[in-house]
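Enquirer:
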Amino acid sequence: MGPGACGLLALLGLSLCTGAESLAEENPLLSRIRRAPSQNDEAKCSYTFLVPQQKITGPICAARGFATDKDRVTRLDVASVRDLLSRQRREMETLKLVVDVDGNLVNEMKLLRKESRNMNSRVTQLYMQLLHEIIRKRDNSLELAQLETRVLNATAESLRLASRYRELETRFAALAGVVNNQSSLIAALEERCAQVYGRRRERPAAEGPPLVQVVPENLPVTVPRFTNEIQRDNERPYRDCLAAQEAGFGDSGMYLIKPDEAPRPMQVWCEQGMDGGGWTVIQSRRDGSINFFRNWDSYKSGFGNIDGEYWLGLEGIYKLGRQGDYKLLVELEDWMGKKVYAQYSSFHLEPEAEGYRLRLGTYQGNAGDSLSSNNGKQFTTLDRDKDGYAGNCAHFQKGGWWYNSCGQANLNGVWYTGGVYRSKYQDGIFWADYGGGFYSMKAVRIMIRPID
Ligand SMILES: [Ca+2]
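Counted the way mature numbering (1 follows the signal peptide of the UniProt record, and there is no 0) counts, the sequence shown spans residues -22 to -1, 1 to 430.
1) Going by DSSP in three states, residue 384 sits in which element: helix, strand or coil?
2) Give the DSSP-derived three-state secondary structure of residue 362 in the structure shown.
3) Quick check: the Cα distance between residue 364 and residue 157, rounded to an integer number of angstroms?
4) Per DSSP, what kind of secondary structure is residue 314 in: helix, strand or coil?
5) By how many angstroms is the C-alpha of residue 369 removed from the C-alpha of residue 426?
6) Can you find the residues in the same chain that come closer than 6 angstroms, C-beta to C-beta, to residue 406, ignoring five residues on each side of it along the sequence?
7) DSSP state of residue 323, grouped into three classes?
8) In three-state terms, what does DSSP make of residue 513?
9) Can you give me the Cβ contacts of residue 223 inside the same chain, cut-off strictly under 6 angstroms, excluding the 5 residues immediately before and after it?
10) From the DSSP output, in three-state form, read off residue 54 for me.
11) Tell me the DSSP bridge mates of residue 149?
12) Can you tell which of 165, 325 and 402 has the C-alpha that lies nearest to the C-alpha of residue 306?
13) What did DSSP end up calling residue 281 once you bin it into helix, strand or coil?
14) Below 8 angstroms, is the gap between the Cβ of residue 367 and the nearest heavy atom of ligand 1?
15) How long is the line joining the alpha carbons of residue 328 and residue 239, rounded to whole angstroms?
16) Given residue 376, which residues of its chain have a CB within under 7 angstroms of its CB, disregarding the five upstream and five downstream residues?
17) Could you pull out every residue in the same chain whose Cβ sits closer than 6 angstroms to the Cβ of residue 311, ignoring the five residues on either side in sequence?
18) Taking 6 angstroms as the limit between beta carbons, can you name the residues of its chain near residue 302, skipping five residues before and five after?
19) Which residue wins for smallest C-alpha separation from residue 286, given the options 152, 247 and 410?
20) Would a C-beta distance cut-off of 9 angstroms place residue 357 and residue 334 closer than the cut-off?
21) To the nearest angstrom, how far is the alpha carbon of residue 330 from that of residue 283?
22) Hey, would you say the C-beta of residue 363 is under 8 angstroms away from at least one heavy atom of ligand 1?
23) Please classify residue 345 as buried or exposed, where buried requires at least 16 neighbouring CB atoms within 10 angstroms.
24) If we ignore side chains and look at the alpha-carbon of each, how far apart do residue 380 and residue 351 end up?
25) Our contact map puts residue 360 next to residue 373 with C-beta atoms below 8 angstroms; I'd like the distance itself, whole angstroms only.
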């Protein structure tokens, strides 16, 4: 609507209120303007001017056609219009303020929406992280479960192997027993054969059982095989290993001792670590490096290497035993590395005139008592037969011992490797109550110590 049309409307609209109303329905601005006078008084709806602000600055000319006073525009009417206009202006400003506030609210809403979107993406990220953590933890627990299963499997396997090992050990023991019995049977059969054969062919009376080479073939070359000379040094001699220990020598090793009645000191190995220490070792076997198939003089004076295999000597053992009350300990080690022992509560030898007769106390230990049957017997070597057997036990068992006929133990016999051995006679280093007569021990030590 141009300014010309507006001026025309100002002239035409003053008589018809209804005409303005119909226009207001088409134009929201007109509608707002029309409502303002209706708030004051519906009855005053007789003069309504719709004039833009710039058009009412000048003088208002009334049409000359309106002759009556009633129809003339008064100053009051102009004031009223101005008042109306100023009210409309204020209203416009209020509306503008409202629009501004609304705009701020919209911006704020936009910011909030953006923030909400950010929060959403942050929540999504955290959710993903949580999922990842859960998956990782589940993987860890799976791995742990797998590990546990593997440990259980390994434990079961080791138990199975242990059980298998025990089974094999039992079978080995059973087989060793069979070999023992078979060897005994073969020996008995051979003896019977010899008896039958002997009826037809007479043997020379003087000839005993054949003396065979008894030292094993597989000896270490560097080890001296035969040493009668026992090393001596200049240490102050003690009466035995316990005396040395009590004097402050607590280490196991070679010591020089001199029993009270001995004419000169002798070297021995003192075991100071085992069972309280103070043990004087009188015999040691461990590698077959020393030949134990010897004559009387050799067994009387002793032979071997103190730090290896040796026999202390019957005279020395006798002199040791003369000093007081001793006990005896036999330590045996089999080829599985297992150690067992036999201890006798007292021990001493009678003098040479009595054939170094063995005197033993009561047995205690886990090896079995294979020596009590030799108690009270004299010592026998291949050149001095004092045993209770028709022949010479030293010849058959190839050592020197307090043989009975011939007995349950042969600790000075032949050193065989591997335990069970095959021989015409029971000539290995055996302890019948532990392994039988055809099981040769890997290592043996015989030692004595004063009774506490
Ligand atoms: Ca005899």
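All residues carry an ideal CB built from backbone N, CA and C; glycine is no exception.
Expert: Here's the rundown:
1) Locating residue 384 in the sequence shown gives position 406, counting from the first residue. Under the three-state reduction of DSSP, residue 384 is assigned to coil, being neither helix nor strand.
2) Numbered from its first residue, the sequence shown carries residue 362 at position 384. DSSP places residue 362 in strand when its eight states are reduced to three.
3) Counting from one through the sequence shown, the residue named residue 364 turns up at place 386. Counting from one through the sequence shown, the residue named residue 157 turns up at place 179. Here the alpha carbons of residue 157 and residue 364 stand approximately 30 angstroms from one another.
4) Working through the sequence shown from its first residue, we reach residue 314 at position 336. In the three-state DSSP reduction, residue 314 falls in the coil class, being neither helix nor strand.
5) Translated into positions along the sequence shown, residue 426 becomes position 448. Translated into positions along the sequence shown, residue 369 becomes position 391. Note on geometry: alpha-carbon atoms of residue 426 and residue 369 lie some 31 angstroms from one another.
6) Working through the sequence shown from its first residue, we reach residue 406 at position 428. If the five residues before and after residue 406 are omitted, its C-beta is found closer than 6 angstroms to the C-beta atoms of 391, 392, 394, 399 and 418, all from its own chain and listed in chain order.
7) Along the sequence shown, one-based indexing puts residue 323 at 345. In this structure, residue 323 counts as strand in the three-state DSSP scheme.
8) No answer is possible for residue 513: the residues shown for the chain start at -22 and end at 430.
9) Within the sequence shown, numbered from 1, the residue matching residue 223 stands at position 245. Excluding residues within five positions, the ones whose Cβ falls inside 6 angstroms are 250, 255 and 256.
10) Here the question's residue 54 lines up with position 76 in the sequence shown. Shown here, residue 54 sits in a helix according to DSSP, grouped into three states.
11) The sequence position of residue 149 within the sequence shown is 171, counting from 1. The partner list for residue 149 (beta bridge, DSSP) is empty, contrary to what the question assumes.
12) By one-based count along the sequence shown, residue 306 stands at place 328. Of 165, 325 and 402, the residue nearest in Cα terms is 325.
13) The sequence position of residue 281 within the sequence shown is 303, counting from 1. Residue state, collapsed to three classes: strand.
14) Start at 1 with the first residue of the sequence shown, and residue 367 comes out as number 389. Relative to ligand 1, the beta carbon of residue 367 is positioned inside 8 angstroms of a heavy atom.
15) Here residue 328 is taken as the residue at index 350 of the sequence shown, counted from 1. Here residue 239 is taken as the residue at index 261 of the sequence shown, counted from 1. Using only the alpha carbons, I get a separation of about 14 angstroms.
16) Position 398 of the sequence shown holds residue 376. Exclusion of the five residues before and after residue 376 leaves 192, 271, 391, 392 and 405 as the residues of its chain whose Cβ lies within less than 7 angstroms of its Cβ.
17) What you label residue 311 is simply residue 333 of the sequence shown in a count that begins at 1. Correct list, in chain order: 317, 420 and 421.
18) Residue mapping note: residue 302 aligns to position 324 of the sequence shown, counting from 1. So the list reads 428, once near-sequence residues are dropped.
19) Walking along the sequence shown from the start, residue 286 turns up at place 308. Comparing Cα-Cα distances from residue 286 to each of 152, 247 and 410, the minimum goes to 247.
20) As a first step, residue 357 must be located in the sequence shown, where it is residue number 379. As a first step, residue 334 must be located in the sequence shown, where it is residue number 356. It is a contact, given that the beta carbons lie within the stated cut-off.
21) Position 352 of the sequence shown, counting from 1, holds the residue named residue 330. Position 305 of the sequence shown, counting from 1, holds the residue named residue 283. The alpha-carbon separation between residue 330 and residue 283 amounts to approximately 24 angstroms.
22) Walking along the sequence shown from the start, residue 363 turns up at place 385. Answer for residue 363: yes, Cβ within range of ligand 1.
23) By 1-based counting over the sequence shown, the position of residue 345 is 367. Classification for residue 345: buried.
24) Locating residue 380 in the sequence shown gives position 402, counting from the first residue. Locating residue 351 in the sequence shown gives position 373, counting from the first residue. If I take the Cα positions, the gap works out to 10 angstroms.
25) Counting from 1 along the sequence shown, the entry for residue 360 is found at position 382. Counting from 1 along the sequence shown, the entry for residue 373 is found at position 395. Taking C-beta atoms under 8 angstroms as the contact rule, residue 360 and residue 373 qualify, at a distance of about 6 angstroms.
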